[in-house]
Amino acid sequence: MGPEWIAIIALVALFVAGTVLPINMGALAYVAAWFVGVFALQMEEKEVLGGISADLVLTLIGVTYLFSIAKNNGTVDLIVARAVQAVGGRVALIPWVMFAVTAVLTAIGAASPAACAIIGPVALGFARRYKINPLMMGMFVVHGAQGGGFSPISIYGTITNSVMSEVGYEGTAMGVFLASLGVNVAMAVILFLALGGRRLVHERVDPAEASSHVADDLHVGGASVTVRGQGVGVSTTTQAVGVRRDHVLTLLAFAGVAVTALAFDQNIGFVSITAAVVLAMLSPKQHKDAVKQIAWPTVLLVAGVSTYAFILTEAGVPEYIGNWAAGLGVVAIGALVLCYVGGIVSAFASSTALLPVIIPIAVPLIAAGGVSPWAMAAALAVSSTIVDVSPFSTNGALMLANRPDTISEQAYYKQILGYAVIVTLAGPLLVWAILVLPGW
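Heads up: the sequence shown at position 43 corresponds to 33 in the working numbering, and the numbers run straight through without jumps.
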């Protein structure tokens, strides 16, 4: 058996074990990297350890550290409350506010499950009070998280852009982000039109009443689920709403990180952790526990999986699968196959773990011509994350766990599952048709 098949079999076992068992997939990936790298590929242990991307790990630590400070000091609550106040009592805009706020949270560094855990109880609470379709509201939250999830300073965006840079393709960040945002907005529009959104257009509520419910739902905490592939729960701890000096400083910090990293091309990891440290120094007692709330399970997950992705590269797996896909005769067909692989696997496993693995596989397809690097990266990224509406995925499971009492758990589960099946079957095809087929 060739080394590429050994690495592939270990990869399949890794995803199965990480999905079925409550064990961090990053830890499993380190074990697989050691066994395959040292004993199958005859690599030195130092070579195996050299596969980790220090830049990627630093960025994940920096952006999630900064977000944990924003969550602890009430800036997140402030964003949600002000967004709800902005709708002026128009019920039809409430789902869109939930979409936008969740998108903002993931765009500034929140892990997708964390954003869904914070906003989910608020959104579904509104669904119960104002008779908004709970499937529409829950899926708006998930699509919002995925829509903002590929900004250049987000977790997904950082992973995708880092992997693309490592394989020699720069400048894909904004293309991937806009593609993800556009697709998820389109999905939200379809949901809005299909699930009674037009009925809400003429309905009004007291804006003060709506705002008061935000604080209540933010501090209820909601139900939690284990994060897929990470073996931990999701925290929803927040602080009281009210504009303070530290809120203003935190918002300025986020703006400064975005401008410095994007406009001046500085390393996002260093910039974000510097901003977090400055905020922590200004209020050391308030933020003494913020470092504990860094997304350490995500850091371990990405560190382990990126190390195993390096082992896959050393074993020749990307070239092997990529050349097979390219050998189908038409590059676009190979791209479609990879989009479906990403979508189907991610519906049950961790999207965060999948991205560092599947993107390098597409390199031979990009090299063959006919599709641009940003379009291929965007197609794979969106196909692998749009299916997180699945009740087997963490985001979908969080919506199910926080369902309103106007619908039974079994009925809501069937609704989410039915929608997830449609998205898993049609999503990769539509994404491929929009991003890959035109040959941008």
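For glycine and all other residues, C-beta sits at the position ideal for the given N, C-alpha and C.
Tell me the rounded alpha-carbon separation between residue i and residue j.
i                 : j              : result
isoleucine 356    : isoleucine 406 : 35 angstroms
valine 268        : alanine 243    : 9 angstroms
leucine 239       : glycine 259    : 19 angstroms
phenylalanine 288 : alanine 315    : The sequence given here places threonine at residue 288; phenylalanine does not occur at that position. Going from the Cα of threonine 288 to the Cα of alanine 315 covers about 30 angstroms.
alanine 7         : leucine 18     : 8 angstroms
alanine -3        : valine 26      : 6 angstroms
aspartate 236     : tyrosine 330   : 45 angstroms
glycine 417       : valine 411     : 10 angstroms
phenylalanine 5   : aspartate 196  : 48 angstroms
alanine 230       : glycine 110    : In this predicted model, alanine 230 has a pLDDT of only 48, less than 50, meaning its place in the structure is not dependable; the value taken from the coordinates is given anyway. So the alpha carbons of these two residues sit roughly 18 angstroms apart.
threonine 250     : valine 261     : 7 angstroms
threonine 9       : lysine 404     : 21 angstroms
arginine 119      : valine 87      : 16 angstroms
valine 320        : valine 327     : 11 angstroms
lysine 275        : leucine 241    : 20 angstroms
leucine 415       : valine 70      : 33 angstroms
alanine 423       : serine 380     : 22 angstroms
Check for me: the alpha helix (DSSP H) holding residue i runs from which residue to which?
i              : result
tyrosine 409   : 399 to 425
tyrosine 120   : Careful: tyrosine 120 lies outside any alpha helix (DSSP H) and carries neither H nor E.
tryptophan 86  : 84 to 97
tryptophan 61  : Residue identity differs from the one stated: residue 61 is lysine in this sequence, not tryptophan. Residues 44 to 62.
tyrosine 20    : 15 to 24
lysine 36      : 35 to 39
histidine 378  : Per the sequence shown, residue 378 should be read as aspartate rather than histidine. Premise fails: aspartate 378 is in no alpha helix (DSSP H) and is neither H nor E.
tyrosine 330   : 321 to 336
serine 152     : 145 to 156
proline 274    : From DSSP, proline 274 is part of no alpha helix (DSSP H); its letter is neither H nor E.
asparagine 174 : 163 to 184
Given that a residue counts as buried once 16 or more other Cβ atoms are within 10 Å of its Cβ, and exposed if not, what is residue i?
i                : result
valine 377       : buried
glycine 138      : buried
valine 413       : buried
histidine 277    : buried
leucine 50       : buried
phenylalanine 29 : exposed
methionine 33    : buried
threonine 297    : buried
valine 81        : buried
arginine 393     : buried
Quick one, are the C-beta atoms of residue i and residue j less than 8 angstroms apart?
i              : j              : result
threonine 162  : tryptophan 364 : yes
valine 131     : threonine 96   : no
serine 340     : leucine 291    : yes
leucine 1      : valine 347     : yes
valine 175     : valine 372     : no
glycine 312    : isoleucine 349 : no
threonine 54   : glycine 99     : yes
asparagine 385 : proline 103    : yes
histidine 133  : alanine 178    : yes
serine 141     : glycine 147    : yes
alanine 270    : valine 247     : no
alanine 322    : serine 383     : no
alanine 369    : alanine 325    : yes
Going by DSSP, name the residue or residues bridged to residue i.
i            : result
arginine 194 : Arg80
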